[in-house]
Structure formats: C-alpha cells, structure tokens
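A.B. asks: Protein sequences appear in the order of chains A and B.
Sequential numbering of the first sequence, starting at 1, is according to UniProt numbering.
Sequential numbering of the second sequence, starting at 1, is according to UniProt numbering.
2 protein chains.
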Amino acid sequence: MKEHGNEEPVFEIGVVIPRRVVQEKDESCDCAYVLVKEFEKVGFVVERVIGIADEFIKVNNSKSVKTLKFDGKEIHWEIGENLLLKLESLEIVKQVFPLHDEKKRKKLLRSWALQWWDFTSQPIDEIYSYYGAKIAIYFAFLGMFTRWMLFPAAFGLTLQLIDFGSLKLVVLPIFFIMVILWAIMFSQFWKRKNSALLARWPISSIVAVDQGYKISGRKSSSWQPPMELMKVFETDRAKEKEIFQRHEWLGRLMRFRNDAIIIFSIICLQLPFELAYAHLYEVLDSDIIKFGLTAIYLFAIQYITKIGGKVSVKLIMNENNENTEKRADSLVYKVFGLYFMQTYIGIFYHALLHRNFSTLRQVLIQRLLLSEVLENLVENSLPYLKYSYKKYRVRHKKNEKGEAREKFQFSSRVEKEYLKPSYSASIGEELEDGLFDDFLELALQFGMILMFACAFPPAFAFAAVNNLMEIRTDALKLLVILRRPVPRAAATVGAWLNIFQFLILMSICTNCALLAWLYDEEGKWKIEPGLAAILIMEHVLLLTKFGFSRFIPEEPAWVRANRAKHTTQAQDMCSKKLLRTISGGVKTFREEKKLD
Amino acid sequence: MKEHGNEEPVFEIGVVIPRRVVQEKDESCDCAYVLVKEFEKVGFVVERVIGIADEFIKVNNSKSVKTLKFDGKEIHWEIGENLLLKLESLEIVKQVFPLHDEKKRKKLLRSWALQWWDFTSQPIDEIYSYYGAKIAIYFAFLGMFTRWMLFPAAFGLTLQLIDFGSLKLVVLPIFFIMVILWAIMFSQFWKRKNSALLARWPISSIVAVDQGYKISGRKSSSWQPPMELMKVFETDRAKEKEIFQRHEWLGRLMRFRNDAIIIFSIICLQLPFELAYAHLYEVLDSDIIKFGLTAIYLFAIQYITKIGGKVSVKLIMNENNENTEKRADSLVYKVFGLYFMQTYIGIFYHALLHRNFSTLRQVLIQRLLLSEVLENLVENSLPYLKYSYKKYRVRHKKNEKGEAREKFQFSSRVEKEYLKPSYSASIGEELEDGLFDDFLELALQFGMILMFACAFPPAFAFAAVNNLMEIRTDALKLLVILRRPVPRAAATVGAWLNIFQFLILMSICTNCALLAWLYDEEGKWKIEPGLAAILIMEHVLLLTKFGFSRFIPEEPAWVRANRAKHTTQAQDMCSKKLLRTISGGVKTFREEKKLD
C-alpha cells in the first residue's frame, strides 16, 4: 500500500501491540496481520514497524467470524464486531494514539515554537489545523492576554521606577482603577476575539448555527437530553414536564451538595493548614527553620491537591452533568477552589491580617519569579526525564534478554513517540488534558497580579515577561517533548473565563482593602463592628448576585428537550415537504408519459 | 360576500374614510367602493358602515390603471400599486386599525378582567392569541411578580405588626437578606418562565431555532445586517471586516454620546431641581405652602418628562440601532434614567442625607398609596374621558349641521371603537406602545419597595395589593376602554429585566446604607473621608463590572453578518443538494423510459 502517489504518506494514528514470543507460521491468522489487512480494506495507508519491545501499526476503521491467534491464544472475531475495540478489550492492542506529522511538526517548530523574537504573534490557524480547536483557543487566549498585559506592565514599572513623591498616594488609586478597567475590558474583548476565531474555523458553522450556540459557554453546544427522558415525550405529554423538572432539580441538588462538600472541606481542612503555615512563617526567626518548614509544606500540598483532585473527580462522576464539557467545567470549578485557597490564603494572611506589606511583596516576588520559573522548568523537564527513563528501561530490558546491541538505537519515530509522555492533567486524565494545568497556571497568575495590584505594581511586568516565554515553551513542549494530543473540540475557554471574571470581582474588593490599609499608616482609621458587619453582608450579597445566574439556568430542561425535538422535526418536515413536491412532479411526469 | 357560512363573520381591521359631500352617480369610480371591491377580490369579508362623521370599511390586500374619484378629486391608481397605501398617503383613508372580536372580547372579559377573586391566575394563552406575545408577556410577568411578592409582603407585614423588642435589630438585616435573595431568584426564575412561555407559543419555534435566540435579550432575535454592508461581502473579503468594524464602533460611539448627553443633562438640570424641591419641602413649615409647592412641582415635572422623552426619541433616531427592538430598548434606558432621578432622588435626600426616617416613611406611604391609586385612576379614567369628549364632539358637530337626532346613537361598534383612544405610550407613539407606561410603573414600584426595604418593610404588602388590582384594571383598560392594540411580537420583556437587575444592585447598596444609619442612632459611627472615598470607588467599579458587558457585545458585527449569510447559504445548499439528488432520480427515470 506504499505506492500511494509520489508523496510520502502522513500517518495519523499509532497502534501499539506487544511483540509476540511465538511466531505463527500461517500469517493470515496473526492478529496484527489481520488488523493491518482490515485497516487496508477501508482504504487506510498502513505501515508495520517492528520496534524493540512492541510492534507498531501506523494508520493514516474495519467484517467474518474468524479465529485469530496471538501468542498462542485463540480469539474469536464475530461478524460486525469492531476488531480494534475487541483487541483493545483483550489487551492485545496496548494503545491507540495520534501520531505527529513530521512535515507539519517541523514547519510549526520553525514558524511557532522557535520564533522567540516574534513577540506574541502565533500561526493560530495552523495550530488549529494541527492540534484542534481547544489547544488553538488556549494559545490565542495566552497570546491576547500577554499582548494586553503590556499596558499594565508598563504602567506598573513606571510606578516602581519613577518616584512620584507626594503624588504617590494619588497615582496608586489611578493605577488600581486602570488595572480593573483593563481586566474588565480584556474579558469582554476576549469573547469578541473568540467568536471571531470561531467564525474563521469550520467548528463555528456546525456548532454555532445548529445548536443556537452561545459564546458565554453557559448553553452547552452539544446538549442531548437523556434518552430515557426523550421517550417520555412520545408517551405522555402531561407527565413530561414534571419528570424533566425532577430530573433537572435532582441534578442541580447533587451538584450543590458536591460543591458544598468541596467548600466545606476546603474551609475546615485546608484553611487551618494554610493559616498555620503562614503564621509559623511569620513567627519563626531562623531562616533555616523557615526553609525546612517550606519544604515540608511544599511536600504536603502536593499530596493535598492530589487527594482533592481525586475526590473532586469522584464527586463529579455522581453528578448528571449534561455532557463532558459541563462535567469538565464542574471539575475545573472544584479544583480551582482548592488551588485558590492554597495559592492566595497565605498572601491574604500577610496582606490583610498582619498588614505586613514588606512580607507581602517578598512573598509575591518569590511566587512570581521563583515558582513561575521553577514551574516552567518542571513542566518542561519532567516529561523529558520521564521519556528518557522509559527509553532507558526499554533498552535495559532488552539488554537483560541478551539481544544484539545495534537494535537499541530507536530508528523508528513511532516507537519514540510511543515512549513520549502524553499531554495529561495532573489531577486525572479522564476529564481534562494538559490544558487544565496550563490554564490553571494562567488563572493563578492573573489572580496573583490583579488581587494584589496595589501592593506590588511591577508584578504585571514579571507576568508579561513570563507569559512571553510561556507561549514558546508551551509550544516546544507540545511539539517536541510530548506525544501529539488527541484533538479536542471546544468553542470557548469554558469555565476559565468565569474564573477570570470572579478573580476580577475579588480583586476589586481586595485592592480596596489594600488601599485602605496603605493610606491608614498609623492605624487611625477605625470601623465600628456594626458597620464592618454591614459591609461584609453587602459584599456577600453582591457576590451572590453575580454568581446566582450560574446556578439556575435561564431555560428549563424540558424546554430545551422540546426545542431539540422540534428542530429535528422541523428539519424533517422541510425535507419531506420538498420530497413530496418533487415526487409529485415525478408522478405528474409519469402521468404525462402515460398520456403520450 | 356575507353568505360566508352560518357564523357571523369576525372583522379584524377597520378602515376609516371621511363621509363624502358629493355623492358620485357612478359607484364603480367611487374610492370607497373600489377599495371594498379590492378587499373582496383577495377573499376578505368586507362590510361597509356609514357612520355619523366617517365611513367605515370593516375587513377580516390588491391590480389595473384606474381613475378613481373622491369628493370630486381624481386619483390615478397605477397597476401593482397598493391602493390602501396610496389612499393613506393621499389622506383619503384616515386610519387603519385592528378591530375587537366581540365574541372573544366578551369571553376574555368574563374569564380574565372580571375574575377579581381569581388571585393572580390569568388565561395567558388566550391573551396571547388575542393581543399577541408582547402584551401576554407583560401580563405573565405582572402575574408572576405579584405571586412572588406575597412572600416579602407577609414577612414585611409581620415585621410591622409584631413587636420584636430587642430582636428588632436582628430581624431587619434578615429581612433585608431575604428580600434581596427573593429579588435575585425572581429575576432568574422569570427567565425560566419566559422561555417556558415561548416554548408553548409558536413564536419560539420560529425565532428561537432559526436565529440562535437568546432569552437574555442581548442578542437580537431578528437582526438583519444593513443591506449596503452585506453587499461588501460579495465584492471584497479583505475590506469587509474593517468596514463592519467601523460601522459597529461608530454606532456604539453615537450611542455612548447620546447616553452621555442624557446622563449629563439629568445630573446638571434635573438633579438640582429635584434637590431644591426636596430641600424646600424639608425646610418649609406651613402645610399650605407645602401643598402649593407640591402642586407647582407636579406641574413642572409633567413638562420636564415630556421634554426629556422627546429629546430621547430624537437622539435615538440618530443611532444606528440594529432593529426596532434595540431602538426601543435604548429609549427605555434613557427615559428610565429620567424617571429614576425624578422618583428616587427626593427619597434619597430624606433617607441618606438628612437621616430623617419619619419623613422618609411618610414620603414612601404617600407615593405608594396616593400616587399608585391616583395613577391607576388617571390611567383608566383619562382614556374614558377622552372617549366621551370625542363622542360629544362628533355629536356636537352633527348637531350644528342640523342633521336628524336619531342618527346620534352610535349604533355601529366600529365607529365607537374608532373614537376610543389607542394604547399608546406617554413619551411618544413611534417606538413604544402603552406597555411602556405599564412597565415603567412596575419598575418604579419595584425600585421604591426594594431600595428602601429596610426603612419601610410593609411597603411590599401595599405593592402586592396594588398589583393584584393592577392585573384586573389593566385587563379592563385593554378590553373595554381602549381600541384593540396592534399585536406586537416580542420574545422577552427586553430592557426592563436589565433595569430590574440594576435596581436589585442599587438596593443592595442603599439598604446597607439605611441599615448603617438605622443602627447608628446617635451618629457615633464615623467613616474617615479616605475610607469613604475608597468605598465609593469600590462601588463604582463593581457597578462598572456589572454594566460593562451591556456596552460591548460578545460577538463582532462582521461575525454575525457572516453567520447570517452562511446560515442561508447552508440552507440553500441543503435544498439544492436534495433537489439535485431527486432531479437526478427523475433523469434516470426518464432515461429508463427511453430505453423502454
């Protein structure tokens, strides 16, 4: 099948099968052979590569009861059964994964990842066609965010470098107002940019037009009412609404319970732990003990976040979220709550309770410089180390078996790609891919620089430089270090934009508190406890007003189900009408013929 | 044409032509006769009624160059010209208006307007089929609002009637929180109710499915890109985006300028006037002078609002709002700003500046009881008086001409209906109908009871009773007093829901201020000016965050235009493909025949 034109064929999917010990004489019964033949039957270009430890079938989908053999085991392949799925379930096919297209990969490497001096410009359309909408939208978001960041970064640096003297107290509130307006404008203009991107990409014409698509992400783009509920429509119109309502509210109640569990455990378990660390860090004098404490703390939070992530994933499995998008969003909110507490509570402690601005700035610099650089290093070097270790292990195994040494060079790309780590999220692979970690990093950074903008204006400059680097290192990570991820369709950044909006609201409140404490150097400003209680109540109510619309959708489930049904009905109607008109025409034509 | 079955025909439209002085001999040349014949030609049931002053043609649309005569004037009717429009432009046809359907009207009168003891239940579907979606949605909103109002009304009355003693200071904040949560829930659940209504009515299946309809009303349901811009798409793809962007931003700039003019003139002209009145009312001792002052004030604000309304309408005419819905929304926002200032600034003055709670309560009772009752009276009796005066004038005129007395009984319903006043808005008939005034009343009431909830909890009970009456009086007004309004399509309550949301936000802030001043009886609570400035800045930023998304749409104009184009293209494609498949079938069939 290699004579497929003059161009070298581009392989899109890799299938991994372990190398067999027993070599069958009759090749037509060999599993791998039949699978390859089946791939070829449906018109795929297939190439078999015998690797060091495994066998690879590279494919650019597959019918008779047949008995196949694999390592002496016999497998019965029924008619109409999907051979690939069957072999996967029997664990003969170890993995099916997408392959890199070497030509396109190298082109992207040159035009995207290695264009360090290209500022924020990226070949978004090429990224879209290579990696799919979800990853392209992430990079478009990152690019626009970085480009917009330059304005507050310049303003923040000016504030730091130029001594305004007595004007300093006037300039800081102006900076605060400008930064908040900047953030509000950014979140709105991103929505516009997003819809402009979707207009350019084929995804929009399918998702947006057919499903009454909404940019805000509140309305799911691929909502399908549960099948068992759809049947009700057919049988009983009176009960329909009631059943749908019950189903909807039960789901909402479950979600509310899960959210309550997460919030409760964050407040009761995580908050005391974080406060204890922040307090100890504040109280301790010796730098060595501080260092040791931080080491223990860092070790502990690794476990806490992992446990939190696993609990969240388990809780979400019980929710009847409408689709995987919604499920992923639900997970994002829960896990972000965890990270939010972990990242900011220490900073809040220094800023708001102790009014210790020097420690606050120190913590901010430390987090922004050290942790971001460290994170970038870990993010990029850890997968490479994993890859190297895997390669070593494969070689070592073969070595023990005493095979020939010249075989240890990984000559085939497909085996190398198989050994590369996949682009997966740190909290679990089921619902999210590696984008979760990248978006989380971005959101935490956004919160850090915006919520404490008045305490440390040059933070924006740090973040801008970091993001400029992030664009290229993330590109390198995807192109060089990791296995090509499975392309995922997504029309928006999803829950992350809501998190950004929430962080803007929080930052309005925290910056006002910071400003109040900055101006009140002598601690003369006193707020009566009654007034403080009223102010707290006001802020809680305002936040409730913002958040409430997220909990109760604007459209009841039965209306949506009804509409989904009517749309298909209307489409059917239209086609049938057209058919009838035309078949009427045919009949007339036939009658005319008869008359002749 | 009267032998149209056994049932008496129902007439839907009335056409008014003045009675002629000169009676033509040849009836086939008479304008009215030809119009009637033309109506009959297209299958309408037509009845001519000779009234006292005018002639009426009752109709349940029309082609040859003809010279028509009317009062001796000759009119040339070209082929293909719309005779009705032509006669209207020549002012021969005085008016075309929808007629009441007596049977349905009487049925609605029994089942809706006179069901005083039916609480809030209304035959919404019948209202929809008789008056159209817009009026039905108003009554559904009013009904749900009143039903929901019972909860805070009961709570508020309990607070007023039972003496909580020392617990009073705890109960009031609880009442405040409950009321705000109630308002937030109401606005969200109304959206659900609205979409449920639309699912029941045929409007939804057309508007919602085809146009990617959004309940929130932000996305217009019938958006059509300007024709001159659509042409650009055909000629130049590169320029298209730029031109659309310029058009969009220019429109936005114009709207911003107009809003700024309105806000500026409200603050610079209306605010001092209102404050002067409130201050004089506070300062003056004599009740007689107060009464005189109020009379002058009431007289003056009538003029101010009229001028404001006219200025707003003129400003809106310059905006390139996408459709009449958006234009009406723009008007609603501007005029509401005017009324907001007028209604609340005096109350704010008493509440916030003078901390005079007794005057505040007095003003609230006065406004709620007197003005609502008075407004209801004026709203319902003024049209009746107008109708009576018109009837009197018609009779008086005929009397002068010395015609026979027995003709003065208005025997025909159609002439009576012609004399009835139309359902029009007080600010101008071009953009809004009478619903504007009804919604305005509701919004101002909502603001009054919610913004000062803590100062006067029983206000909710007053409002609930008033709204229960409002449902029936508004129904009576529409069914008995007014001419049947032209049915208007509307999917939502439009700008009014945004105004309700804004009032909820305002009420969170005002009630917190009220609570602070209530608890601080001795005026001991002091806020440093710096802290006050920061708090004000915070609130302004929070309000900006809420309002900003309204100013910049999530989707650029060119994306929408593009999508609108692609949708029609896709539909065309689908039909054409189907046609080709089938016509291919026909061809094959024809070829088969030939072979035979």
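Where a beta carbon is used, it is the ideal one built from N, C-alpha and C, also for glycine.
Return the chain-ordered list of same chain residues with a C-beta closer than 8 Å to the C-beta of B:Ile-282, the five sequence neighbours on each side being excluded.
C.D. replies: Residue identity check: residue 282 of chain B is Glu in the sequence provided, not Ile. These residues qualify, in order along the chain: Tyr-349, His-350, His-354, Asn-356, Thr-359.
A.B. asks: Between A:Glu-417 and A:Leu-99, how many whole angstroms is the CB-CB distance? I'm expecting something under 8 Å.
C.D. replies: Contact holds; Cβ gap of about 6 Å.
A.B. asks: Out of B:Leu-169, B:Met-537, B:Leu-90, which has the shortest C-alpha to C-alpha gap to B:Tyr-519?
C.D. replies: Nearest of B:Leu-169, B:Met-537, B:Leu-90 to B:Tyr-519, Cα basis: B:Leu-169.
A.B. asks: Restricting to runs no shorter than 4 residues, where is the alpha helix (DSSP H) found entirely within the region 92-116 of chain A?
C.D. replies: Here the runs fully enclosed are 102-108.
A.B. asks: Against chain A, does B:Pro-457 count as a neighbour if the rule is that its beta carbon must be under 8 Å from one of theirs?
C.D. replies: Cβ-Cβ to chain A under 8 Å: no for B:Pro-457.
A.B. asks: Closest Cβ-Cβ distance between B:Phe-175 and chain A: below 8 Å?
C.D. replies: It does not; no Cβ of chain A falls within 8 Å.
A.B. asks: Per DSSP, what kind of secondary structure is B:Lys-58 in: helix, strand or coil?
C.D. replies: Reduced to three states, the DSSP call for B:Lys-58 is strand.
A.B. asks: Within 10 Å of its beta-carbon, does A:Ser-286 have 16 or more other beta-carbons around it, so buried, or fewer, so exposed?
C.D. replies: When all chains shown are included, A:Ser-286 counts as exposed.
A.B. asks: Can the beta-carbon of B:Glu-193 be found less than 8 Å from the beta-carbon of B:Met-144?
C.D. replies: One detail in the question is off: residue 193 of chain B reads as Lys in this sequence, not Glu. Result yes, Cβ atoms of B:Lys-193 and B:Met-144 sit closer than 8 Å.
A.B. asks: Tell me the rounded alpha-carbon separation between A:Ser-412 and A:Gly-51.
C.D. replies: Roughly 7 Å separates the two Cα atoms.
A.B. asks: By how many angstroms is the C-alpha of A:Trp-182 removed from the C-alpha of A:Met-451?
C.D. replies: Roughly 13 Å between the two C-alpha positions.
A.B. asks: Indicate whether at least one CB of chain A lies closer than 8 Å to the CB of B:Cys-509.
C.D. replies: Judged by the 8 Å Cβ criterion, B:Cys-509 is in contact with chain A.
A.B. asks: For A:Tyr-384, which residues in the same chain have their Cβ closer than 6 Å to its Cβ, ignoring the five residues on either side in sequence?
C.D. replies: These residues qualify, in order along the chain: Ile-481.
A.B. asks: So with CB distances below 8 Å, who are the chain A contacts of B:Pro-556?
C.D. replies: Near B:Pro-556 (Cβ distances below 8 Å), the residues of chain A are Arg-192, Ser-195, Ala-196.
A.B. asks: Note down, in chain order, each residue of its chain lying with its Cβ closer than 6 Å to the Cβ of A:Gly-447, except the 5 sequence neighbours on either side.
C.D. replies: Taken in chain order, the residues that qualify are Leu-503.
A.B. asks: Between which two residues does the alpha helix (DSSP H) carrying B:Pro-272 extend?
C.D. replies: Counting along the chain, the alpha helix (DSSP H) containing B:Pro-272 begins and ends at 271-283.
A.B. asks: Would you tell me roughly how many angstroms separate the C-alpha atoms of A:Ala-425 and A:Gly-434, rounded to the nearest one?
C.D. replies: Those two C-alpha atoms are separated by around 4 Å.
A.B. asks: Check whether the region 303-310 of chain A touches the region 470-484 of chain A, taking contact to mean three or more Cβ pairs, one atom from each stretch, closer than 8 Å.
C.D. replies: With the cut-off at 8 Å, the region 303-310 of chain A and the region 470-484 of chain A do not touch.
A.B. asks: How would you label B:Tyr-389, buried or exposed, when you count the other beta carbons within 10 angstroms and need 16 or more for buried?
C.D. replies: It is exposed - the Cβ of B:Tyr-389 has fewer than 16 other Cβ atoms within 10 Å.
A.B. asks: Under 8 Å between C-beta atoms, does A:Glu-415 make it to chain B?
C.D. replies: No, because no Cβ of chain B sits closer than 8 Å to the Cβ of A:Glu-415.
A.B. asks: Under DSSP, the beta strand (DSSP E) around B:Val-313 begins and ends at which residues?
C.D. replies: Element bounds for B:Val-313: not the beta strand (DSSP E) but the alpha helix (DSSP H), 287-318.
A.B. asks: Let's test the definition: count the other Cβ atoms within 10 Å of the Cβ of A:Asp-125 and tell me whether it reaches 16, buried, or not, exposed.
C.D. replies: Answer is exposed; the Cβ neighbour count stays below 16.
A.B. asks: With 16 other CB atoms within 10 Å as the buried threshold, where does A:Met-185 fall?
C.D. replies: The residue is exposed, with fewer than 16 neighbouring Cβ atoms inside 10 Å.
A.B. asks: To which residues of the same chain is B:Met-506 closer than 8 Å at the C-beta, ignoring the five residues directly before and after it?
C.D. replies: Only Gly-447, Met-451 meet the Cβ criterion.
A.B. asks: Using a threshold of 8 Å, state whether the C-beta atoms of B:Ile-345 and B:Leu-298 are closer than that.
C.D. replies: No. Outside cutoff.
A.B. asks: Here's the rule: buried if 16 or more other CB atoms are within 10 angstroms of the residue's CB, otherwise exposed. What is A:Thr-294?
C.D. replies: Exposed is the call here.
A.B. asks: Which whole-angstrom value is the C-beta distance of B:Val-45 and B:Ile-57, which I expect to be below 8 Å?
C.D. replies: In fact, because the Cβ distance is near 11 Å, the residues do not count as touching under 8 Å.
A.B. asks: Under DSSP, the alpha helix (DSSP H) around B:Glu-38 begins and ends at which residues?
C.D. replies: Segment 31-41, the alpha helix (DSSP H) holding B:Glu-38.
A.B. asks: Within the continuous beta strand (DSSP E) that includes A:Arg-48, where are the two ends?
C.D. replies: Looking at the DSSP string, the run of the beta strand (DSSP E) that includes A:Arg-48 is 46-50.
A.B. asks: Tell whether a beta-carbon distance below 8 Å holds between A:Glu-538 and B:Cys-268.
C.D. replies: No.
A.B. asks: What number of angstroms, rounded off, separates the C-alpha of A:Lys-524 from the C-alpha of A:Ala-532?
C.D. replies: So the two alpha carbons sit approximately 16 Å from each other.
A.B. asks: Can you check DSSP and say which residues form a bridge with B:Ser-424?
C.D. replies: B:Asp-433, per the DSSP bridge assignment.
A.B. asks: Could you spell out the range, first to last residue, of the beta strand (DSSP E) harbouring A:Ile-17?
C.D. replies: Per DSSP, A:Ile-17 belongs to the beta strand (DSSP E) from 13-18.
A.B. asks: Should A:Gln-342 be flagged as near chain B, meaning a C-beta pair shorter than 8 Å?
C.D. replies: For A:Gln-342, the answer is no, since every Cβ of chain B falls outside 8 Å of its Cβ.
A.B. asks: Using three-state DSSP, classify A:Thr-492 as helix, strand or coil.
C.D. replies: A:Thr-492 falls in the coil class under three-state DSSP.
A.B. asks: Determine, using beta carbons only, whether B:Asn-318 comes closer than 8 Å to chain A.
C.D. replies: No, B:Asn-318 does not count as interfacial toward chain A.
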